[in-house]
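Below is one structure, written out as structure tokens; comments come after it.
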Amino acid sequence: MQPIESFQSLASQEPQVRRSLQVTPSNETQGSEGNSTDENSAADEYDPDMDPNVMPDISIQFLDEKYPEPADSTLTSMTCQNGAKYVKQTQNYYLCFSKFDDQEVYRVTNQTFVDIQKYPYYTERVDCRETQVERDVCYCPSGYVGSLCQLQDYTKCYVNVTEPALSAGCKNREADSDYYVYSINGFAPCHYFDFEKAYTFKFKLDCRPVTSLDVVKENGHQEGVQYEYNDVVVPAVLPVGEAFEYSALNLRTGLRILKDATVRVTFDFRDFKFLSNLIKFQTDVTDSEVISGLKEGEIEVDLGKLSASDRENGSKFENGGRVYFEASAFSSGFKSFSTNAFLDMEGYEEPIRVGIRLQQ
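Numbering (my numbering), first residue to last: 1 to 360.
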């Protein structure tokens, strides 16, 4: 039996063509029904999977999981991030040692470990053992994932304009709610603006922890190990007395905010002539209570810039006494629904539909 160059090469090389015993019946046995030679019996009993020189056609799967560097490591980018804590975790390791090279040790999956024990081809080449290993892993605060807690989990926001109360409803229209946005076709003209002035708008963020498919997590982003380790027998648990400190917690949405969080809120006013043309007003929100939706934030909007662009550049931000904007909230890990809203000039009246046409 020839030693293999590397146990890992077993996973990549093609299985050998399996041999089968081809035995031609002798003249003495030809034509005799129900009889078989000893050679034919051997052929019937031959199992190529049990041949130590024939590699079975099974999948060899290796494991290479990610772990943090020690907390005092100079490789700071490979230590636990974003306030994550080091916690002990115990796993079953399935290790295979080459019988031809003491330096060759490979970690395999549980299924590969089980399969290897079945076939002489492998048992004569490697010695596989099961052992328990305790290692440090990163225990993530709410909102962070990855082996180092280096990535932000998904959160989706809606910017609710609270002053002026565009979504409060007027003219016998119901107010917007979490369940239905009645103003989706445009707010009723009950708030009027001077398009030559600047205004301070107030807003409230409604940010919800969501999955990658935008499904709301009813209990918010959970703390814990956010990397799928294999064969865990003693899970990581935060020691008694240790806890993460959040600067804000919204019990209604389940959103927890760590200090130093930032979300950018933007109001994008669109040009009715070329919708890709816009004038943007924005503010970076650093107040955790505003980010979590516990209190209002503010943004300055200078409507005079829209009128100036229309006069000087031939744009059409104001059309028939109405301007249109989209409000959004973004940050690393945060994405946004767009709040679509119209602002109206004093005296604006909604067009009346006559047949298929709108009349001002």
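Think of the CB as a built atom: it goes at the ideal place given N, C-alpha and C, for glycine as much as any other residue.
So, with DSSP's three-state summary, where would you put residue i?
| i | result |
| --- | --- |
| Pro56 | coil |
| Arg311 | helix |
| Asp206 | strand |
| Tyr67 | coil |
| Glu296 | coil |
| Leu306 | helix |
| Phe113 | helix |
| Val285 | strand |
| Tyr119 | coil |
| Leu166 | helix |
| Thr200 | strand |
| Val290 | helix |
| Thr76 | helix |
Does the separation of the CB atoms of residue i and residue j fall below 8 Å?
| i | j | result |
| --- | --- | --- |
| Phe203 | Val323 | no |
| Phe193 | Met78 | no |
| Arg125 | Lys99 | yes |
| Cys128 | Cys96 | yes |
| Lys156 | Lys295 | no |
| Ala198 | Leu278 | no |
| Lys316 | Phe269 | no |
Would you report the Cα separation of residue i and residue j, rounded to the nearest angstrom?
| i | j | result |
| --- | --- | --- |
| Gly34 | Asn110 | At Gly34, the pLDDT of 49 sits below 50, so the modelled position is not reliable; the number obtained from the coordinates is stated separately. If you take the alpha carbons of Gly34 and Asn110, they lie about 45 Å apart. |
| Asp231 | Gln91 | 5 Å |
| Glu318 | Ser338 | 20 Å |
| Cys149 | Lys305 | 43 Å |
| Phe281 | Asp153 | 27 Å |
| Val215 | Val225 | 21 Å |
| Ala71 | Thr200 | 46 Å |
| Ala165 | Val234 | 53 Å |
| Lys88 | Phe113 | 25 Å |
| Ser276 | Glu223 | 41 Å |
| Gly80 | Asp287 | It should be pointed out that residue 80 corresponds to Cys in this sequence rather than to Gly. Between Cys80 and Asp287, the C-alpha separation is close to 25 Å. |
| Ser331 | Phe267 | 15 Å |
| His221 | Cys207 | 12 Å |
| Ser142 | Asn82 | 10 Å |
| Val105 | Val54 | 22 Å |
| Gly320 | Val159 | 26 Å |
Would you list the one or two residues that DSSP bridges to residue i?
| i | result |
| --- | --- |
| Glu346 | Paired residues: none, contrary to the question. |
| Lys85 | Tyr139 |
| Leu95 | Arg107, Arg129 |
| Ser336 | Cys157 |
| Leu278 | Arg270 |
| Ala329 | Val265 |
| Ala341 | Phe325 |
| Leu415 | This structure cannot speak to residue 415, because the chain is shown only from 1 to 360. |
| Thr211 | Answer by DSSP bridge pairing: none, since Thr211 is not bridged. |
| Gly224 | Cys140 |
| Tyr192 | Asp344 |
To which residues of the same chain is residue i closer than 6 Å at the C-beta, ignoring the five residues directly before and after it?
| i | result |
| --- | --- |
| Ser292 | Ala248, Asn250, Leu255, Ile257 |
| Thr283 | Val265, Ile299 |
| Glu163 | Lys202 |
| Asn340 | Glu326 |
| Cys140 | Ala84, Cys149, Gln226 |
| Tyr122 | Ile116 |
| Asn219 | Gly254 |
For residue i, which residues in the same chain have their Cβ closer than 7 Å to its Cβ, ignoring the five residues on either side in sequence?
| i | result |
| --- | --- |
| Asp115 | Ile58 |
| Lys66 | Ser147, Tyr227 |
From the beta carbon of residue i, is the nearest beta carbon of chain B less than 8 Å away?
| i | result |
| --- | --- |
| Lys118 | In summary, chain B is missing from the structure at hand, where a single protein chain is found. |
Just to confirm, does residue i get its C-beta within under 7 Å of one of the non-hydrogen atoms of the ligand FAD?
| i | result |
| --- | --- |
| Gln226 | You won't find the ligand FAD in this model; it holds no ligand whatsoever. |
Might you give, ordered along the chain, the residues of its own chain that have their beta carbon closer than 8 Å to the beta carbon of residue i, omitting 5 neighbours on each side?
| i | result |
| --- | --- |
| Tyr93 | Arg107, Glu130, Thr131, Gln132, Val133, Asp231 |
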